[in-house]
Amino acid sequence: MTFRIRKRRRIFVELICSQSRSSAVGTKGNSPVSNRLPAGAVDCEAKNMKENIYGLLAEFDTPTEMVEAANKIREAGYKKTDAFSPFPLHEIDEALGIKRSILPFLVLAGGVIGLLTGLGLTYFVHVYDYPIIVGGRPFFSLPSFIPPSFELTILFAAFTAVFGMILLNGLPQPYHPVFNVPRFALATREKFFLLIERRDEKFDYEETKSFMQSLNPQEVFDVEE
Amino acid sequence: MIRNTNFDAPAEQINRWRTLALGIGGILSIVILIVALLFPEQREQALRSWLLGFIFWGGIGIGGLGVLILQYLTGGAWGIVIRRVAEAASRTLPIIFVLFLPVMFGITYIYEWTHLPNDPIVQLKQPYLSVQWWIIRAVLYFILWGVMAYLLNRWSAAQDQTNDADTALKLTNDASKFSGPTMVFYVLVVSFAAIDWVMTLDPHWYSTIWGLLFAAGWALSFFCFAVAILAALSDKAPMNRILGSRHFHDIGKLMLALVMVWAYFNFSQFLIIWSGNLPEETKWYLTRWEGTWKVIGILLIFFHFAFPFLVLLNRDLKRKAKWLAIMAIFILVLRLVDMYYLIGPSPRIGMNGQEVDFINSFSWMDIVAPFAVGGIWLWWFFGELLKRPLVPINDPYLEGAIEHGKGH
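Residue numbers (this note's numbering), protein chains in the order written: chain A, 1 to 225; chain B, 226 to 633.
Rendered as C-alpha cells:
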C-alpha cells in the first residue's frame with residue numbers, strides 16, 4: 001500500500017519538475033555520471049525539494065570515512081538509514097546498528113517443515129493411502145522413509161534460504177529513489193554512500209543536511225522521491 | 226613486522242600438561258601391562274581395551290595428518306592457524322606405532338580369525354587375512370603415512386628457516402601440489418587400516434563404507450581435539466594475538482559438517498544392510514540391537530549426531546572459543562563411545578560366535594586403557610607441539626589469516 005502511494009506521488013513530482021529537470025540535465029552534459037555533478041543538479045525549487053525528497057545521500061571516498069560517519073549517524077539517533085558500497089563491509093552492520101537477519105530461523109523452520117512433510121507424505125502413502133507389503137517389512141518402516149524426508153528437509157530449507165533472502169532484501173524492486181542521484185552509479189565502482197531517509201523520525205531537512213555536511217563527506221545530495 | 230615476533234609455544238604451560246599426561250599414561254599403562262602379563266585369562270580383554278584406546282588416540286594423530294593434507298589442498302585461514310597442531314599430531318606417528326605394538330604382538334589374542342582355520346568364510350579370505358600379511362600391511366601403512374608426514378613437516382620446517390619470500394611461497398605451493406594426489410592415497414591407506422584393525426574383529430562381516438567412516442570420524446576427532454587445544458592456548462601469548470572468533474567459527478563449521486558426514490555414512494551403511502536383509506550382513510547389527518548395546522546405539526544417534534548438530538547450528542556458540550571447546554570435548558567423549566560400540570560387541574575368541582552381552586563384556590580396562598594410551602600419546606604430542614612456533618611464521622598467507630580471524 002505504501003509503495004503505491006509513494007509511487008503516485010513520484011509521478012506527481014515528475015510532472016511538476018519535468019520541465020526544469022530536462023533543461024538542467026541538458027546543460028550539464030549528456031553523460032548520466034558526469035564527473036562533478038553538484039548537489040541538487042535537478043533544478044527544482046528548494047521548497048518543492050523539501051517536500052518531495054526521499055532522503056539525503058552523502059558520498060565518501062573511503063570505507064573508513066564512511067564507517068566513521070555511519071557511527072556518528074547512529075549515535076545521533078537516526079534509524080532509517082542505509083549504506084552503499086562497491087564491496088561487502090562487515091563493519092557497517094555494527095556502525096549503523098543493523099540487526100542480524102531472521103533468515104537463519106526461517107531456514108530452520110523451512111527445514112523442519114520439510115522434514116515433517118517428508119515423513120507425513122511417506123506415512124500417508126505407505127500406511128494410510130496405499131499400504132503394500134514390501135520385502136516383508138512393516139508398513140511404517142522408518143529407515144526407508146529417512147532418505148525422502150532428508151531430501152525434502154534440504155529442499156525446503158534451500159528454497160526458504162533463497163526466496164527468503166530475496167524477499168527480506170525487498171527484491172524484486174524495479175524502482176529505488178537513490179538512482180535519481182546520477183553519481184550514485186559510482187557506488188558499484190569506487191564511492192561509498194550513506195543515506196538517511198525522510199521517514200526517519202528525527203529527519204528534518206535543514207538540520208539533517210547540515211549534520212551530514214559536518215561528517216566531512218565529499219558531497220551531500222538530495223534524493224528525489 | 227610479523228617475522229620478528231615470537232610465536233613460540235608457552236613452554237611452561239605445555240610442559241606442565243606434558244608431565245601430567247605422562248604421569249597418568251605411564252602409571253595406567255603399567256597397570257594394564259601387569260594385568261596382561263600376570264593374568265592370562267584377562268589378556269584378551271586387556272588387549273581389546275588397548276585396541277580401543279589405540280584406535281581412538283591413534284585416530285586423532287592420523288586424522289591430524291589427514292587434516293594437514295586437507296588444509297594444504299583447500300587453503301584458508303583456518304588451515305594456517307590449525308597447521309602447527311596438525312603437524313604436531315602427524316609427528317606423533319612414531320609413538321602411534323609404539324602404541325600399536327601391543328596390538329601387533331597380541332594379534333592372536335584379539336582377532337577371532339586367527340583361530341578359525343576351518344571356518345569356510347575365513348578360508349576364502351585366507352589370501353588376505355593371514356597373520357604375516359596383516360603385520361606386513363600394518364607396517365606398510367605406517368611407512369606410507371610416515372612419508373606423507375615427513376615430507377610435509379620438512380617443507381614446513383624449511384619455510385620457517387628461510388628469509389626469502391619467494392622460497393617461502395614456493396614451499397607452500399609445493400606442499401599444496403603434493404597434497405592433491407596424496408589425499409587419495411591417505412584415504413585409501415586409512416580405509417585399509419580401518420578394515421584390518423577394526424572390521425576384521427568380526428571376520429564374517431563386511432561393510433564397503435567402513436573406510437570412509439573412519440576417514441571422516443578420525444578427521445572429526447582431530448578437529449575436536451584441535452579446538453580444545455587452540456581454545457586452551459587462545460588466551461595466552463602468542464595465540465592471543467592470532468586467534469580470533471572467526472577462526473573458531475570456521476573450524477566449528479567443519480565440525481558441524483563432519484558430524485553430519487559421520488551420521489550420513491553410518492546411516493548409509495545401516496540402510497543398505499537393512500534393505501538387503503541378508504543374514505551374514507544383518508548379524509552385525511542384530512548383535513548391537515540387544516540390551517545395553519541398543520541403548521548405546523540410540524545414545525550415539527542422539528548425542529553423537531542430533532545434539533551436536535543442533536547445538537553447532539548456532540552461530541554465536543561457534544564463535545566463542547570456550548563454548549566450542551566444551552562441545553568439542555563432548556563430541557570427543559562420544560567418539561570414544563562410538564569406537565567402543567564398534568569394538569566392544571564383536572565376537573571373542575573361544576566363544577564360537579556366541580554373542581556377548583554388555584554386562585559380560587564391559588571391563589574396567591575399557592575405561593582405563595583409553596587414559597593409558599591417551600596419556601602417552603598426549604605426552605608425545607605436547608613435546609612435538611613445543612618444537613616449532615605455533616604458526617607457520619613465514620607462510621605468505623599468515624598475515625591475511627590473522628586479519629581474517631578478527632573479521633565478522
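Where is the CB? At the ideal position from N, CA and C, for every residue including glycine. Remember, predicted model here, so these are calculated numbers, not experimental data.
Between the CA atoms of B:L341 and B:L574 - distance to the nearest angstrom: Reading the sequence as shown, one finds Ile at residue 574 of chain B and not Leu. Taking the straight line joining both Cα atoms gives about 9 Å.
Coarse secondary structure for A:G55, derived from DSSP in three states: The three-state secondary structure of A:G55, taken from DSSP, is strand.
CB contact check: B:L615 to chain A, cutoff 7 Å: So, not an interface residue.
Local conformation of B:A234 per DSSP, three classes: Coil.
Contact with chain B by A:P63, beta-carbon distance below 7 Å: Nearest CB-CB separation between A:P63 and chain B: not below the 7 Å threshold.
Extent of the continuous beta strand (DSSP E) run through A:I132: Element bounds for A:I132: n/a, residue is neither H nor E.
Ranges of the alpha helix (DSSP H) found wholly within the stretch 318–355 of chain B, counting only runs of at least 4: You should have 318–330, 332–335 and 345–349.
7 Å Cβ cutoff, A:P143 in contact with chain B: Taking Cβ atoms only, chain B reaches closer than 7 Å to A:P143, which makes this a yes.
Status (buried if at least 16 other CB within 10 Å, exposed otherwise) for B:T333: Residue burial is scored here from C-beta neighbours: B:T333 has fewer than 16 other C-beta atoms within 10 angstroms and is therefore classed as exposed.
Minimum Cβ-Cβ distance from B:L496 to chain A less than 7 Å: Cβ-Cβ to chain A under 7 Å: yes for B:L496.
CB contact check: B:W499 to chain A, cutoff 7 Å: The C-beta of B:W499 comes closer than 7 Å to at least one C-beta of chain A.
Chain-ordered neighbours of A:G241 on chain B, where CB pairs are closer than 8 Å: Given that chain A is displayed from residue 1 to residue 225, the structure contains no residue 241 of chain A and the question cannot be resolved.
Reduced DSSP secondary structure (H/G/I, E/B, other) of A:K28: Interpretation of A:K28 is limited by its pLDDT of 39, a score under 50 that renders its predicted location unreliable; the figure taken from the coordinates is listed afterwards. Looking at A:K28 - three-state DSSP - the assignment turns out to be helix.
Environment of B:A390 [buried if 16+ CB atoms lie within 10 Å]: The residue in question, B:A390, is exposed, as its Cβ has fewer than 16 Cβ neighbours within 10 Å.
Cβ-based burial, B:L263 [other Cβ within 10 Å; buried from 16]: By the neighbour-count definition (other C-beta atoms within 10 Å, threshold 16), B:L263 is an exposed residue.
Contained alpha helix (DSSP H) runs [length at least 4] in the stretch 379–457 of chain B, N- to C-terminal order: You should have 390–422.
Straight-line Cα distance separating B:N619 from A:E201: Taking the straight line joining both Cα atoms gives about 54 Å.
Proximal residues to B:I294 (C-beta, below 6 Å), its chain only, five neighbours per side dropped: Result list for B:I294: S404, T407, M408 and Y411, in chain order.
Boundaries (first-last residue) of the beta strand (DSSP E) holding A:F192: Residues F192 to E197.
Contained alpha helix (DSSP H) runs [length at least 4] in the stretch 517–545 of chain B, N- to C-terminal order: Taken in chain order, the complete alpha helix (DSSP H) segments of 4 or more residues contained in the stretch 517–545 of chain B are 532–537 and 540–544.
Cβ-based burial, A:H176 [other Cβ within 10 Å; buried from 16]: Its Cβ having fewer than 16 others within 10 Å, A:H176 is exposed.
Cα-Cα separation, A:D82 to A:L195: Roughly 5 Å separates the two Cα atoms.
Burial state of B:N231 (16 or more Cβ within 10 Å): By the 10 Å Cβ count, B:N231 comes out exposed.
Separation of A:P63 from A:R36, as counted between CA atoms: Model confidence at A:R36 stands at a pLDDT of 44, short of 50, so the residue's coordinates are unreliable; what they give is reported in the following sentence. Computed Cα separation, rounded: 20 Å.
Which residues DSSP lists as bridging A:E224, in chain order: A:I53.
Selected residue, minimal CA-CA separation from A:L89, among A:A70, A:A161, A:Y130 and A:Q213: Nearest of A:A70, A:A161, A:Y130 and A:Q213 to A:L89, Cα basis: A:A70.
Same chain, Cβ closer than 7 Å to B:I320, neighbours up to 5 away in sequence not counted: Cβ within range, chain order: I601, W602 and W605.
Closest residue to B:T507 among B:L326, B:T517, B:Q494 and B:V364 (Cα-Cα distance): Comparing Cα-Cα distances from B:T507 to each of B:L326, B:T517, B:Q494 and B:V364, the minimum goes to B:Q494.
Partners in chain B for A:L154, counting only beta-carbon separations shorter than 8 Å: Here residue 154 of chain A turns out to be Ile, not Leu, going by the sequence shown. Under the 8 Å cutoff, chain B gives no residues; its nearest Cβ is about 11 Å from A:I154.
Contacting residues, own chain, Cβ-Cβ under 7 Å from B:L611 (five flanking each side not counted): The beta carbon of B:L611 sits closer than 7 Å to the beta carbons of A234, A236 and I239 from its chain, once the five residues preceding and following it are set aside; these are given in chain order.
Near-chain B residues of the stretch 69–93 of chain A - C-beta to any C-beta below 9 Å: For the stretch 69–93 of chain A, residues whose beta-carbon sits nearer than 9 Å to a beta-carbon of chain B comprise H90, E91 and D93.
Amino acids of chain B, ordered along the chain, whose beta-carbon sits closer than 9 Å to that of A:I146: Think of a sphere of 9 Å around the beta carbon of A:I146: the chain B residues whose beta carbon falls inside it are F492 and L496, in chain order.
Start-to-end residues for the beta strand (DSSP E) that takes in A:T81: Run containing A:T81: T81 to F84, per the beta strand (DSSP E) assignment.
Length of the line joining the Cα atoms of A:Q218 and A:F211: Going from the Cα of A:Q218 to the Cα of A:F211 covers about 14 Å.
For A:F203: DSSP bridge partner residues: None, per the DSSP bridge assignment.
Proximity of B:Y274 and B:M590 at Cβ, strictly below 7 Å: The sequence shown places Ser at residue 274 of chain B, rather than the Tyr named in the question. Contact flag set, yes.
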